[in-house]
Ligand SMILES: [Zn+2]
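Residue numbers (my numbering): 10 to 221.
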């Protein structure tokens, strides 16, 4: 595995509260213990992870930068895969990611466009590294992190979150927003539908953030 791949895994473990130690791309004993803890938790957040507040407080100094022009990350854009609720049901998330990557490669992108993908059961898998500019929202990719929820087929932007997504996805998405907010000064959490005339992610993100 490349150091970048290990760094992605460490970031994921960190996001889910499994404490892999420094995000250094080295598979040491702390990363190994964190991976074991992640597996023991069924691929979900650590049981001891603190409840997540609805709104994200800006971090004081931490900042993630993307690309060679070092765009500071100040925003999270939420998406959905527009898949049916039973799409690839029972298949490992890695296979679902491979399928989404295939769609994105067919778009001419060099890799999966999102940084994070959240499955129906709340499990998370890493797409692009957070320090790489994504390919998920036209004209808004530099300085944003794209998170994709599996599901959302046939959704409308006026739907409630619960109409198209699961309670586990709700918990994980809030945890991820909160965790990213500790790593970089997030000022805005938006939905793709705020930038393009489409339903994606299939709910109103600011209403959902307020707990509705
Ligand atoms: Zn989208």
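Cβ atoms here follow ideal geometry from the backbone N, Cα and C, with glycine treated the same way.
Out of the options, which has the shortest C-alpha to C-alpha gap to residue i?
| i | options | result |
| --- | --- | --- |
| residue 25 | 148, 217, 184 and 165 | 184 |
| residue 128 | 206, 148, 145 and 109 | 109 |
| residue 151 | 83, 30, 44 and 119 | 83 |
| residue 22 | 114, 175, 132 and 203 | 132 |
| residue 172 | 94, 117 and 155 | 94 |
| residue 169 | 209, 27, 41 and 49 | 209 |
| residue 73 | 137, 197 and 189 | 189 |
| residue 192 | 163, 140, 176 and 165 | 140 |
| residue 194 | 30, 79, 71 and 211 | 71 |
| residue 138 | 41, 153, 97 and 180 | 153 |
| residue 80 | 149, 16 and 86 | 149 |
| residue 176 | 16, 204, 130 and 216 | 130 |
For residue i versus residue j, is the C-beta distance shorter than 9 Å?
| i | j | result |
| --- | --- | --- |
| residue 143 | residue 122 | yes |
| residue 2 | residue 164 | This structure gives no information on residue 2, because the portion of the chain shown stretches from 10 to 221. |
| residue 218 | residue 180 | no |
| residue 159 | residue 50 | no |
| residue 43 | residue 29 | yes |
| residue 85 | residue 197 | yes |
I need the boundaries of the beta strand (DSSP E) containing residue i, first residue and last residue.
| i | result |
| --- | --- |
| residue 135 | 133-135 |
| residue 86 | 84-89 |
| residue 200 | 197-200 |
| residue 125 | 125-127 |
| residue 153 | 153-158 |
So, under 8 Å CB-CB, residue i and residue j are touching, yes? Tell me the CB distance rounded to an integer number of Å.
| i | j | result |
| --- | --- | --- |
| residue 125 | residue 156 | 5 Å |
| residue 6 | residue 20 | Since the first residue of the chain shown is 10 and the last is 221, residue 6 is not available in this structure. |
| residue 204 | residue 167 | No, residue 204 and residue 167 are not in contact; Cβ-Cβ is about 17 Å, not under 8 Å. |
Output the boundary residues of the alpha helix (DSSP H) element that contains residue i.
| i | result |
| --- | --- |
| residue 182 | 176-192 |
| residue 172 | 170-173 |
| residue 110 | 102-115 |
| residue 218 | 214-218 |
Query - For ligand 1, residues whose Cβ lies under 7 Å from any non-hydrogen atom - result: 88, 89, 145, 146, 201, 207, 209 and 210
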